[in-house]
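See below for the structure under consideration.
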Amino acid sequence: MHVTIVVLALLLITAISGPIAKILSIPLPLLLIACGIASSFLGLNIAFDPETFLLLFIPPLLFSEAYLIPLRDFRHLRWTILLLAVGLVVFSTLAGGYFVHCLFPTLPFAAAFALAAILSPTDAVAVTSMVYEEHVPRRFLHILQGEALLNDASGLVCFKFAVAATLTGTFSVTQASWGFVVVALSGVFIGILLAILFNFANRIVSRHGFNEPTTQITLMTLLPFAAYLLAEHLHVSGILASVGAGLSLNQNRVFGSAQTATRLRGSAVWEMITFLFNGLVFLLLGLQLPDIARQGVRIANAAGDSTWSLLGTIILLTCVLLFLRMIWILLLGYGKNMIAKIRKTSHHNVSIIETAAMTVGGVRGAITLAGIMSLPMAEGNIPEFPMRDLLITFAAGVIIASILFGTIFLPIFSRYLSHESASIVEKETDDIRYLLTLDAISEIERQSALAVKQIDENTAQQRAEVTAAIMAEYRFRLQLLENTPIENLKNGDLQANATTQCDTALVKRRFEAALRLHLLRTKRKALTRMRLEGMVSDEAERQLIHDFDLEETMLFGSARALPRQQDSHEDWKAIHPLYYTG
1 MHVTIVVLAL LLITAISGPI AKILSIPLPL LLIACGIASS FLGLNIAFDP
51 ETFLLLFIPP LLFSEAYLIP LRDFRHLRWT ILLLAVGLVV FSTLAGGYFV
101 HCLFPTLPFA AAFALAAILS PTDAVAVTSM VYEEHVPRRF LHILQGEALL
151 NDASGLVCFK FAVAATLTGT FSVTQASWGF VVVALSGVFI GILLAILFNF
201 ANRIVSRHGF NEPTTQITLM TLLPFAAYLL AEHLHVSGIL ASVGAGLSLN
251 QNRVFGSAQT ATRLRGSAVW EMITFLFNGL VFLLLGLQLP DIARQGVRIA
301 NAAGDSTWSL LGTIILLTCV LLFLRMIWIL LLGYGKNMIA KIRKTSHHNV
351 SIIETAAMTV GGVRGAITLA GIMSLPMAEG NIPEFPMRDL LITFAAGVII
401 ASILFGTIFL PIFSRYLSHE SASIVEKETD DIRYLLTLDA ISEIERQSAL
451 AVKQIDENTA QQRAEVTAAI MAEYRFRLQL LENTPIENLK NGDLQANATT
501 QCDTALVKRR FEAALRLHLL RTKRKALTRM RLEGMVSDEA ERQLIHDFDL
551 EETMLFGSAR ALPRQQDSHE DWKAIHPLYY TG
């Protein structure tokens, strides 16, 4: 009963934290961590089991990130992402491990490498929650997302080998390198294989008419857990298995041919899962911090050090990790410059501001906490991991410090980044709409010609009228997207006149959409009044509300399909300002 109440309380805190964060202009991750700390002091405690945490939260979150990541940009940036996800982790593990050992000479080398390894990977959940708060360039965002998706596995593999070396006293570079390759590639392969099997089974079932949206969405929700469990059972990377499954479904567009209801409901379900699980991850992190902090202070006092000394060590570790990250990013940029000069090709030059933003954007999160808390405790003949409690304190402190660094400095650096115009994606969308409209017009002409040959004269006349109306609609859309008439006008006066006519037509379309939405809202109010007066049954009301929702969705879709304009139209905005897309 206690666990149920705690879970419900955490869900409530997660739900109300979003609006509060917007009202107070506080980054959501920090607010959730603060809420977790406050809840801990109020007696809301829950045991933190690293294995359960990794199984319950990480697979669906990484799967969702992989499923939604833009593959075209991911492929274009693949070498940069891989060098950050693998090369930077190894570099940080080695250099950071030596620094930790120098800082604590009594700590074995392998244990120092274990701490550095688990502190090396950035966290996809923390990165996404942090970066989405800022308007950063797409390239910057995609690099951080891709790095965070892949470096968890490399960090955990390095961590496991370092822990094993600490406990056994033996270590082989060849064995560790080969083990990393096998664990990583096998995990990805298992995820892709399960995704392919899911896609195949989904098509077979849909072909036979058993395409219930609830069944398909439920199976897709279980897929990352299945990939993770199977991979872990085979002693390979469950995290990369979840990522591989998400990337595979992303590549194959598994729901591209599914029912509209499946896509719409699936998007809503995954949006809710991502929101709740993201929130719970940071809440659980906050819940653990008070006990970890008390434990760290106790250890520091027992060693004759003050609390300020402990905080200083945590900040020093964080700064060293940031410095190592900055060095690697600079080396990566220098290497790309050299390769571009040799090949005599152009490439993106990374500025100092971008380097600084990339440095503070690599925040740590739940993966680090789950990994460090999995360090062995004293049990039977198994000795406790050296300085286990102190290492947990350092790791938790670095997580908070990295999030604070990102929260403070990322907004500052993002102001000076070379932002792409917000209209780039919108323009690309309009260009694709233009090409799709041309294809639709060609298909209308083809179908019209076929219909004339295959049906009688009376039916042909009826279809011709319908075809003409649809053709007029698509030609009007084409004209709006071109911002010129369909004819190829050469005369400047005619061109200016055509543009004016097109702008006028666009204003009319926007006004029409706003008026329709206003009338729809009026009907909603009337339906509410009828329900209160007992004039309509609950079943009829639900059906009508469903119809209104579909109509409103279509209206918003129509507005988004209209070309963007810089000028505002006050008469249009007066009816429904929130609907204005200019």
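Mapping of the sequence shown onto UniProt numbering: position 45 corresponds to residue 45, and the numbering continues sequentially without gaps. In this text, a Cβ means the ideal position worked out from N, Cα and C, and glycines have one as well. Here the structure is a predicted model, which means the values were calculated and not measured.
- For THR170, the secondary structure class from DSSP, reduced to helix, strand or coil, is coil.
- By alpha-carbon distance to ILE392, the top candidate from THR467, ALA293, TYR474, ALA468 is ALA293.
- Your pair VAL127 and GLY191 does not check out as a contact, with CB atoms roughly 20 Å apart and the cut at 8 Å.
- Taken through DSSP and simplified to helix, strand or coil, VAL536 comes out as coil.
- Taken through DSSP and simplified to helix, strand or coil, PRO121 comes out as coil.
- Scanning its chain for C-beta atoms nearer than 8 Å, with the 5 sequence neighbours on each side dropped, one finds around GLU552 the residues LEU517, LEU520, in chain order.
- Annotated three-state conformation of TYR474 is helix, per DSSP.
- The region 392-406 and the region 362-377 touch, with no fewer than 3 CB-CB distances between them shorter than 8 Å.
- Inclusion of PHE198 and LEU219 in the CB contact set at 8 Å is warranted, their separation being smaller than that value.
- For a cut-off of 8 Å, the C-beta gap from ILE367 to ASP49 is around 15 Å, too long to register as a contact.
- In this structure, DSSP gives LYS344 a state outside helix and strand, which the three-state scheme calls coil.
- As for any alpha helix (DSSP H) of minimum length 4 sitting wholly inside the region 313-392, the runs are 352-360, 366-372, ordered along the chain.
- Buried is the label assigned to PRO60, since at least 16 other Cβ atoms lie within 10 Å of its Cβ.
- In the three-state reduction of the DSSP assignment, SER267 falls in the helix class, which pools H, G and I.
- Under a 10 Å Cβ-count criterion, GLY557 is classified as exposed, with fewer than 16 other Cβ atoms of the shown protein chains found around its own Cβ.
- THR93 is not a Cβ neighbour of ALA66, given a cutoff of 8 Å.
- Burial state of ILE5 is exposed, judged by a 10 Å Cβ sphere holding fewer than 16 other Cβ atoms.
- Straight across, the Cα-Cα distance linking ALA302 with THR106 is about 16 Å.
- A check of alpha carbon separations from TRP178 across SER154, VAL163, LEU193, LEU167 identifies SER154 as the nearest.
- Cβ atoms of LEU310 and LEU119 stay farther apart than 8 Å, at about 16 Å.
- Across the structure, LEU285 and GLY43 are spaced so that their CA atoms are roughly 15 Å apart.
- The C-beta of ARG510 has 16 or more other C-beta atoms within 10 Å across all chains shown, which makes the residue buried.
- Take MET377, set aside five residues on each side of it, and the residues of its chain with a beta-carbon closer than 8 Å to its own are GLU384, PHE385, ARG388, in chain order.
- Just so you know, the alpha carbons of LEU280 and THR467 end up roughly 53 Å apart.
- Taking 8 Å as the cut-off, the beta carbon of LEU317 is found no closer than this to the beta carbon of VAL163.
- Inter-segment contact for the region 21-31 and the region 193-207 is absent: fewer than three beta-carbon pairs are separated by less than 8 Å.
- When the beta-carbon positions are compared, TRP308 and SER64 stay at least 8 Å from each other.
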